[in-house]
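Each residue of the sequence shown is one higher than the last, beginning at 54 in the numbering used here.
Each residue gets a CB set at the ideal place from its N, CA and C atoms; glycine is no exception.
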Amino acid sequence: MRLIIKEYIAQLKEKDELDILISGIFEQKGYVADSQPKTGNRQYGVDIQLHNDSELLLFVVKQGDIDRVVWDGSINAVRPSLDEIKDVMINSLTYEEKKKGIRIIVATNGNKDEAIKLNWNNYVNNNQMWNGIPIKIEFMGIDDIVMEVKENYFNEYLFDSSMHSFMRKALYFIDDGDYKKTYFEQIVDSIIIKIREAGKNKKKVNKACATLCMASQMICAYAANEGIIKVSIDISEYVIMKFWKYFLEEELFEKQQQVGWLIKFCKSYEHWNKLYLEKIERIVNQHSVLPNYNVVENRVLLYEVLSYLASYGNYLLNVDSKRAKRVLNAIVGLINEYQYFAYAPYDVSINVVIMIQKLLVYFGRKNEAVSLLQMQVETMMYHYKWNKKFPAPNDNFEEALEIENNVGRVKYDSSAFWGYCLLIIATLDCKEIYDNIRDFLVQDLEKTTKCVWFMRREEELLFYDYYAMNIAGEGVELTLENNYDKFKANVDFVIEQYKDEIFSFEDYSFSSLEIILCHYYNYIPRVNFLEGEVN
54 MRLIIKEYIA QLKEKDELDI LISGIFEQKG YVADSQPKTG NRQYGVDIQL HNDSELLLFV
114 VKQGDIDRVV WDGSINAVRP SLDEIKDVMI NSLTYEEKKK GIRIIVATNG NKDEAIKLNW
174 NNYVNNNQMW NGIPIKIEFM GIDDIVMEVK ENYFNEYLFD SSMHSFMRKA LYFIDDGDYK
234 KTYFEQIVDS IIIKIREAGK NKKKVNKACA TLCMASQMIC AYAANEGIIK VSIDISEYVI
294 MKFWKYFLEE ELFEKQQQVG WLIKFCKSYE HWNKLYLEKI ERIVNQHSVL PNYNVVENRV
354 LLYEVLSYLA SYGNYLLNVD SKRAKRVLNA IVGLINEYQY FAYAPYDVSI NVVIMIQKLL
414 VYFGRKNEAV SLLQMQVETM MYHYKWNKKF PAPNDNFEEA LEIENNVGRV KYDSSAFWGY
474 CLLIIATLDC KEIYDNIRDF LVQDLEKTTK CVWFMRREEE LLFYDYYAMN IAGEGVELTL
534 ENNYDKFKAN VDFVIEQYKD EIFSFEDYSF SSLEIILCHY YNYIPRVNFL EGEVN
């Protein structure tokens, strides 16, 4: 486990990663952070400032080994930073702060280079007193950080030998083409149990939450380092979902300590999605392209990419609408570039369409949402009429391949895709589209049930686990009518029956959790289009 931790720490960037880890370690040890690590937050040479009753800690954080250049090769090097602390920062301390023991710690996820050891020793020996104030200057290298992490983030109670095995599997198989989510789910689930067992013991709860943060971010960092950022996003989603379920079961929505951890988990989710977006934008800007496989794999890959983008975009609507618009532009760019978007690979792929339409309507682009729907239903209609091709009912690649090759063994008994298309048609009031596809749905898909799914508030806890769409909620068949107005009235009546089903994440202004859940478990979100900003 020590080697795993060390390899993880060695990958961390100086700003917003290594500095946050170091701050967290010392907060676990009982120190209070006077300044939070943040890009651009460097204050007179100090990257992190913490204190307790008897000590004041001032950190200078660097990435990698401290060689001659890092020691004294630029204005941002270690020695100039120490001199700036000496000349400015120390003189600005309060009387109470000056009475404490002051330790200045140069922390790095590398080591001291042999070439600067003499310079270091001489500097430390010559700087033991600043303006009459005793000073201790210390070095914290990667092995010191590993030791602190093991002592303050991991112990036998929270991270036992069986968990070590889970962690090894979670890291070892990351570059496997069929990476199983169970590797990291076992880790998260086990730590959540420890958080519950800690009960009202704040110290134990905080330590368990820190372990959850550290363990999940180790796997995220490894995945990103292998270029598989979607795994990092998956892990972040799972942590958020399971932590919220813990919130809900224990009724902790007003507890500041746990809310603080939830915010940290959300920031991690945003971080990995930001990297994923930048990667996809290179494709949109034609600096690279999506891999070209067979027609089914192409559609599956495109919908996978769009699902990550669309879920992130919806999350951002209440966080950073400017960035959400940037995500939407990437989505539109992909749809325009890769026309096979029109033919969804799986029946449940309608969830991606709904997420995209939510974004379009929010930004005042309802006409584009309608056009997208029209393009899709007409394409699907003609595919079935001409070649008896349709989205695979069971979200299964082999099944989609059979349909594409006209093997003819897959039955088309029910379709959420067409059920939700009808629901969207009524919601966006698309009479022309309805009139265009009605005869096809009545005649060609007469024996195919067009169904939608609704969930009740009292079943919400089931929403946070697999198979909720099978064991909870209510399936409703939407029937076709000769008259569009009568059809819309029927749909409106169905929607009315569920309008008061408000879930915990809506009560506490975290409505985007629904989209995260639907993306992770491949569920279908509710069709409730909210207009926010005019494009």
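Q) What are the boundary residues of the alpha helix (DSSP H) that includes ALA268? A) 255-278
Q | Identity of the residue in LEU146, LEU514, ARG121 and GLY154 nearest LYS165 by Cα | A | ARG121
Q. DSSP on PRO363, reduced to helix/strand/coil?
A. Here residue 363 turns out to be Ala, not Pro, going by the sequence shown. Three-state DSSP puts ALA363 in a helix.
Q. Cβ atoms of TYR365 and VAL380: under 7 Å apart, would you say?
A. yes
**Q.** One or two residues paired with ALA445 in a DSSP bridge
**A.** TYR399
Q: Please determine, among ASN180, MET182, VAL202 and TRP173, the residue with the shortest C-alpha to C-alpha distance to TYR61.
A: VAL202
Q. Is DSSP giving CYS504 helix, strand or coil here?
A. strand
Q: Find out if the Cβ-Cβ distance for the pair ALA274, GLN64 is shorter than 7 Å.
A: yes
(Q) Please report the straight-line C-alpha distance between ASN581 and SER127, rounded to a whole angstrom. (A) 55 Å
Q) For ILE73, which three-state DSSP category applies? A) helix
Q. Is it buried or exposed for ASP287, if we count other Cβ within 10 angstroms and need 16 for buried?
A. buried
Q. Are there three or more Cβ pairs, one per stretch, closer than 8 Å when the region 256-274 is compared with the region 530-543?
A. no
Q) Whose C-beta lies closer than 7 Å to the C-beta of MET216 among residues of the same chain, with five residues either side of it excluded? A) ILE240 and SER243
Q) For the candidate residues GLY163, SER145, ASN180 and LYS170, whose alpha-carbon lies nearest to that of ILE157? A) ASN180
Q. Looking at GLY77 and ASN105, is the spacing between their C-beta atoms short of 7 Å?
A. no
Q: Kindly indicate which residue of GLU452, MET408 and ILE119 has the alpha-carbon position closest to the one of VAL353.
A: GLU452
**Q.** Straight-line Cα distance separating ASP72 from ILE409
**A.** 36 Å
Q: Determine the contact status of TYR232 and ALA223, defining contact as a CB-CB distance below 7 Å.
A: no
Q. Using the C-alpha atoms, what's the distance from PHE192 back to TYR210?
A. Note that TYR210 scores a pLDDT of 39, beneath 50, so its modelled location is shaky and nothing firm can be said.
Q: Output the residue ranges of the alpha helix (DSSP H) runs that lie fully inside the region 290-363 and measure 4 residues or longer, sorted by chain position.
A: 309-337
Q | Contact under 7 Å by Cβ, MET142 with VAL99 | A | yes
Q | Member of ILE195, TYR391 and ASP196 whose CA lies at the smallest distance from the CA of VAL342 | A | TYR391
Q. Which parts of the region 128-182 are runs of the beta strand (DSSP E), unbroken and 3 residues or longer, counting only runs that do not cross its ends?
A. 154-161
Q.
Less than 8 Å between C-beta atoms, sequence neighbours within five positions excluded: which residues of the same chain meet that for GLY117?
A. VAL123, THR161, ASN162 and GLY163
Q: Decide if ARG579 is buried, meaning its Cβ has at least 16 other Cβ atoms within 10 Å, or exposed.
A: buried
Q: Would you list the one or two residues that DSSP bridges to MET193?
A: ALA160
Q: Evaluate THR532 with the Cβ neighbour count: other Cβ atoms within 10 Å of its Cβ, from every protein chain shown; 16 or more gives buried, anything less gives exposed.
A: exposed
Q) PRO187: buried (16+ other C-beta within 10 angstroms of its C-beta) or exposed? A) exposed
Q.
Determine whether the beta carbon atoms of VAL337 and GLY280 lie at a separation below 7 Å.
A. no
Q: Determine the direct distance from the alpha carbon of TYR225 to that of GLY252, and round the result to whole angstroms.
A: 33 Å
Q: Would you mind working out which of ALA377, PHE394 and ASN371 sits nearest LEU359, comparing C-alpha positions?
A: PHE394
Q) Taking C-beta to C-beta, are ILE569 and GLU290 nearer than 7 Å? A) yes
Q.
Quick check: LEU109 and LYS139, are their CB atoms within less than 7 Å of each other?
A. no
Q. Can you tell me where the alpha helix (DSSP H) with SER243 in it begins and where it stops?
A. 235-250
Q: Could you give the DSSP three-state label for PHE219: helix, strand or coil?
A: helix
Q. Roughly how many whole angstroms lie between the Cα atoms of GLY194 and ILE119?
A. 9 Å
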